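**Q**
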Amino acid sequence: MALARADGGAGATARAYWSQVHPVFMTPPVAASLFGAVLAGRLEAAVAAVHVVAIFAAVYTAHVKDGYVDFYARGEDDDHPLTERGCRVGLVGSTATFAACCLLLLALVDWVAVALTLPTWLIAYHHAPQLDTNPVTATTGYPLGIALAILGGFYVQTSALAAIAVGFALVFLVLLSGVKVIDDTQDYEYDRSIRKRTVAVALGPERAYTLAYGLITTALLIVVGFAVARVFPPTTVLAVLAFGAVAVVARRADPTVATMLLVRGSYVFLAVLVTAVWFEPLSALG
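Just so we're aligned, residue 1 is where the sequence shown starts under full-length UniProt numbering, counting upward by one.
#1: Run through the DSSP bridge pairs and tell me what Ala4 is partnered with.
#2: Take Val174 and list the residues in its own chain whose beta-carbon comes closer than 6 angstroms to its own, dropping the five residues that flank it on each side.
#3: Kindly list the residues whose CB is nearer than 7 angstroms to the CB of Val136, restricted to its own chain and excluding five residues on each side of it in sequence; keep chain order.
#4: Would you report the Cα separation of Leu273 and Val64, rounded to the nearest angstrom?
#5: Assuming Val181 and Ala208 make a contact with CB atoms under 8 angstroms, what is their CB distance in whole Å?
#6: Of the choices Ala4, Tyr213, Ser33, Thr185, whose alpha-carbon is the least far from that of Ala16?
#7: Would you give the residue range spanned by the alpha helix (DSSP H) that Ala48 belongs to?
#8: Assign Val92 to one of two classes, buried (16 or more other C-beta atoms within 10 Å of its C-beta) or exposed (fewer than that).
#9: Taking the straight line between their C-alpha atoms, what separation do you get for Gly90 and Ala227?
#10: Determine, using beta-carbon pairs with one atom in the region 118–133 and one in the region 54–73, whether at least three such pairs fall under 8 angstroms.
#11: Quick check: what's the CA-CA separation for Lys196 versus Thr139?
#12: For Asp78, does the count of other Cβ atoms within 10 angstroms reach 16, so buried, or fall short, so exposed?
#13: In its own chain, which residues sit with a C-beta less than 7 angstroms from the C-beta of Val199, not counting the 5 before and 5 after it?
#14: Do you know whose CA, among Val114, Leu261, Tyr267, Gly86, lies nearest Gly67's CA?
#15: May I have the straight-line CA-CA distance separating Leu282 from Gly153, to the nearest angstrom?
#16: Among the candidates Pro255, Ala6, Leu39, Ser193, whose CA atom is the shortest distance from the CA of Ala162?
#17: Below 8 angstroms on the Cβ atoms is my guess for Val201 versus Tyr155; work out the distance and round it to an integer in Å.
#18: Can at least three beta-carbon pairs, one atom from the region 20–27 and one from the region 43–52, be found at a separation below 8 angstroms?
#19: So, using beta-carbon positions, are Leu176 and Pro143 closer together than 8 angstroms?
#20: Indicate the three-state DSSP secondary structure (helix, strand or coil) for Val228 in the structure shown.
#21: What residue range does the alpha helix (DSSP H) around His126 cover?
#22: Give the DSSP-derived three-state secondary structure of Phe160 in the structure shown.
#23: Rounded to a whole number of angstroms, what is the C-alpha to C-alpha distance between Leu241 and Gly265?
#24: Can you tell me the Cα-Cα spacing of Leu285 and Leu34, whole angstroms?
#25: Is it true that the CB of Ala250 sits closer than 8 angstroms to the CB of Ala258?
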């Protein structure tokens, strides 16, 4: 049986599976894993690579499962490159890859590394159709995955957790939850028509916007607070200024443009944080 809907050839099949790689959404979790390693102040390349592959496999699982549910179960999408069997094979492959990475983390680090990594796959696999219908879990699933990627990336390097890793995980959980609320506002009318309860549907677009920017502001204030307390390097405040400027512009835009600005602003935010930590080692904070 064919795996790709367009054609049964090897090239078409490869393109169909490659189509499930979405850089805009896959890059942040992978970068978060590496950011965790940067926070650790050292880089064991082999174990970092294993964790990165595990995170990639988890996010790939989410995209294949979402596509399968939206096209074959819900009938929301107009097209999908994979057949039903192709989706199942893709899920088996990504899950097997993830499981192999977890076994390697168990051997190279310990069970805690696996415990911090395993939930990323559970969130990914159950995002659709279970988690994406509840306002809280639909909003926090992806941000929680980012937070776990930071913690896992840090832990596999140090076999311990520290305040700075937990602090940054909290910041991204809150910040990206705000961005996700705005992202979901784009589909308010459609989600409402199918009774999909996102935050925008539950609260209404205006109150959802207020909540979203409240979360974003809270995340930025957390960075400032941790910088003042010397948990974060003081220069991380520059990331607050950079993202804050983007948020001010996005606040005046419609949900589609706002989401585009905030997602790209998140990349800048992360880049400035990485630079701040890289050039101001944690040992200098004492």
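All C-beta atoms, glycine included, are put in the ideal place defined by N, C-alpha and C.
Since the model is a prediction, treat every value here as computed from it, not as a measurement.
**A** A quick look at the data gives this:
#1: Leu82
#2: Leu215, Thr218, Ala219
#3: none
#4: 31 angstroms
#5: 5 angstroms
#6: Ala4
#7: 45–68
#8: exposed
#9: 43 angstroms
#10: yes
#11: 12 angstroms
#12: exposed
#13: Pro135, Thr139, Val181, Asp184, Ala208, Leu211
#14: Gly86
#15: Because Leu282 sits at a pLDDT of 47, beneath the cut-off of 50, its placement in the model cannot be relied upon, and the following sentence gives the value as read from the coordinates. Leu282 and Gly153: Cα-Cα distance of roughly 16 angstroms.
#16: Leu39
#17: No, Val201 and Tyr155 are not in contact; Cβ-Cβ is about 36 angstroms, not under 8 angstroms.
#18: no
#19: yes
#20: helix
#21: 111–126
#22: It should be noted that the sequence gives Ala, not Phe, for residue 160. Looking at Ala160 - three-state DSSP - the assignment turns out to be coil, as it is neither helix nor strand.
#23: 11 angstroms
#24: Any reading at Leu285 must be qualified, since the residue scores a pLDDT of 41, below 50, and its modelled position is unreliable; the value itself is stated next. Their backbone Cα atoms lie some 21 angstroms apart in a straight line.
#25: yes
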